[in-house]
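Each remark here refers to the structure printed beneath this line.
Chains as they are written, first to last, in my numbering: chain A, 1399 to 1689; chain B, 10 to 279.
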């Protein structure tokens, strides 16, 4: 990897900010598979998010300070066990949810994002478990009602034009297919699909793994992930902090630094769960050989 | 998806073109919506979603947000790159993976207004339906309830007979025809009517198979929503020339197929 970038994208409330803040904390402490040789000049984005986490709260997505500081943040990282290798910049394009929605609806994205994606060597695509912003497809009854109603009411029209999360994810993947460049060695660009808030799934779902979770919750997206020949894809279940602040027991352990985030990949007996949340980034940089 | 995009896709990989005909309100749109809802819930027995180049259009159809302009449906298949309030006549694309053998199938299904079928029957207007000549399979949709209702039964049978005749005259080779009887949740079509429909097709040398479906389920309905859709897809795929002996072999290769007067060369197979 040669001074390229890794872009982080996702629908609003998909967990990008809280994940990146936790990654920065991991880099700062000096743990994990990747390291940051030089701290970024502008740390406001992650520091503001970490300020929330340190108080036992997740960083709110609507926080204007965080939104505005995001565009100035990037951090150069490299593999810890290859200290002389080239660095990759982790960047979070300043793409608001509304702009993403517009892009999905019109299949048009602004030139600067396009350039950002065309420069990138890989991407992390975020999906959050149980997000209030997730939009389910219409059910059978509502769909039939809408199909047979001659003129939809304003509220019905709004609902009828909603974009289910799995369709937005499929279209985001299409953007990545068409924009991420193939590496000079001919390898496909890598996309890590990170299912955030993984600690919220029940034990059985956790054991079945994040791929099975996507197949069950977002079958269109799951099918799409297996259909692409232009991208290398791996799916990770991610608990950036190791639990939910709504749980007072976890919260106390977090304050006392007794818990860590973790990442899960695979299913059943072959599932790997490790306390290194930088794993998806390391996978993008080095692939499975350094997993 | 317009003609150019459909052509490009067909030049990249082998696509099965499915012609869909039927009177307005015969259930064409509902069947596509139902198919998409099944895939969205991973409930299309035997298949999984792979991809769609027309994902947003399929979603809008399932959400009732795409409608042909009432009273003045589009005159031609058009290519629109921007979202339009009124629905364009064009192709819908679906790539499905068959779970049993992981075979992948690309379907191109035209999204046509029922009025085009009416004018095909009444005025033999076939110019915009020319693509049927290169179709791998044709669905002829009919509302099963209209066959069960006395004052609409004879008209429905007659219109279907006429449509069979028009289709048979248009086609230059044997194309599998699936008669899709919708609203199966309201009941089965009588044996007598089924025999009449089969006899009608036979006299026109059409290879007819019948698939009852129920795109949705009305209150008190006899079948679940999406009933028969998986079977419809299975038979559509199975109906492709060369894959099964169920249909007579066709002497027209994929390479020489013509679609809407455009030739496509080098289409690959799965």
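Glycine residues also receive a C-beta, built at the ideal position from the N, C-alpha and C atoms.
Within the chosen definition, does the region 14 to 29 of chain B reach the region 1450 to 1460 of chain A through at least 3 CB pairs nearer than 8 Å?
Cβ pair count under 8 Å is below three, so no.
Examine chain A for any beta-carbon lying closer than 9 Å to the beta-carbon of residue 226 of chain B, and answer yes or no.
Closer than 9 Å to some Cβ of chain A, the Cβ of residue 226 of chain B qualifies, so yes.
For residue 1619 of chain A, report the span of its beta strand (DSSP E) as first-last.
Element bounds for residue 1619 of chain A: not the beta strand (DSSP E) but the alpha helix (DSSP H), 1617 to 1625.
With a cut-off of 8 Å on the beta carbons, I'd call residue 1591 of chain A and residue 1527 of chain A a contact; round off their distance for me.
Their Cβ separation, rounded to whole angstroms, is 13 Å, which puts residue 1591 of chain A and residue 1527 of chain A out of contact at 8 Å.
Any C-beta of chain A sitting closer than 9 Å to the C-beta of residue 106 of chain B?
Yes, contact with chain A.
For residue 1487 of chain A, which of A/1572, A/1502, A/1537 and A/1514 has the nearest alpha-carbon?
Closest option to residue 1487 of chain A, Cα to Cα, is A/1514.
Have a look at residue 145 of chain B and residue 27 of chain B and give me their C-alpha separation to the nearest angstrom.
C-alpha separation (whole angstroms): 6 Å.
Quick one: residues in its chain with C-beta nearer than 8 Å to the C-beta of residue 18 of chain B, no 5 flanking neighbours on either side, listed in chain order?
Once the five neighbours on either side are set aside, the close Cβ partners of residue 18 of chain B are 10, 24, 62, 102, 115 and 117.
Mapping DSSP to helix, strand and coil, what is residue 145 of chain B?
Here residue 145 of chain B sits in coil by DSSP.
Which residues does DSSP list as the beta-bridge partners of residue 1660 of chain A?
Partner(s): A/1637.
Can the beta-carbon of residue 1606 of chain A be found less than 9 Å from the beta-carbon of residue 1685 of chain A?
No, they are not a contact pair.
Please classify residue 1544 of chain A as buried or exposed, where buried requires at least 16 neighbouring CB atoms within 10 angstroms.
That one is buried.
Can you name the residues that DSSP bridges to residue 104 of chain B?
In DSSP, residue 104 of chain B forms a bridge with B/60 and B/115.
Count the CB pairs spanning the region 180 to 199 of chain B and the region 207 to 221 of chain B that are closer than 8 Å, and state whether there are at least three.
In short, these stretches touch, since the Cβ pair count reaches three.
So residue 166 of chain B is in the alpha helix (DSSP H); what residue range does that whole segment cover?
Unbroken alpha helix (DSSP H) run through residue 166 of chain B: 159 to 179.
Does residue 1728 of chain A come out as helix, strand or coil in the three-state DSSP assignment?
The first residue shown for chain A is 1399 and the last is 1689, placing residue 1728 of chain A beyond what the model contains.
To the nearest angstrom, report how far apart residue 235 of chain B and residue 1554 of chain A are at their CA atoms.
Taking the straight line from one Cα to the other gives about 23 Å.
Quick one: what does DSSP say residue 223 of chain B is sitting in, helix, strand or coil?
Three-state DSSP puts residue 223 of chain B in a strand.
Mind listing the chain B neighbours of residue 1625 of chain A? Cutoff is C-beta to C-beta under 9 Å, in chain order.
What residue 1625 of chain A touches in chain B: 58, 59, 60, 104, 106 and 113.
Mapping DSSP to helix, strand and coil, what is residue 1524 of chain A?
Residue 1524 of chain A: strand per DSSP, three-state reduction.
What's the C-alpha gap between residue 1546 of chain A and residue 208 of chain B?
If I take the Cα positions, the gap works out to 33 Å.
I'd like to know if residue 185 of chain B contacts chain A, where contact means its C-beta is closer than 9 Å to some C-beta of that chain.
It does not; no Cβ of chain A falls within 9 Å.
Pick from A/1403, A/1435, A/1538 and A/1472: whose alpha carbon is nearest that of residue 1419 of chain A?
Per the Cα distances, A/1472.
What are the boundary residues of the alpha helix (DSSP H) that residue 25 of chain B is part of?
From DSSP, residue 25 of chain B is part of no alpha helix (DSSP H) but of the beta strand (DSSP E) over 24 to 31.
Please report how far the alpha carbon of residue 1646 of chain A lies from the alpha carbon of residue 1673 of chain A, in whole angstroms.
Those two C-alpha atoms are separated by around 21 Å.
In angstroms, rounded to a whole number, what distance separates the CA positions of residue 1549 of chain A and residue 157 of chain B?
Using only the alpha carbons, I get a separation of about 28 Å.
Nearest-angstrom Cα distance between residue 113 of chain B and residue 53 of chain B?
Rounded to whole angstroms, residue 113 of chain B to residue 53 of chain B spans 15 Å at the Cα level.
With distances taken Cα to Cα, identify the nearest neighbour of residue 1631 of chain A among A/1506, A/1643, A/1676 and A/1663.
Checking every option, the nearest Cα to that of residue 1631 of chain A belongs to A/1663.
Checking 9 Å against the spacing of the C-beta atoms, do residue 1468 of chain A and residue 1443 of chain A come in under that value?
Yes. Within cutoff.
Out of curiosity, what's the CA-to-CA distance linking residue 1670 of chain A and residue 1502 of chain A?
C-alpha separation (whole angstroms): 34 Å.
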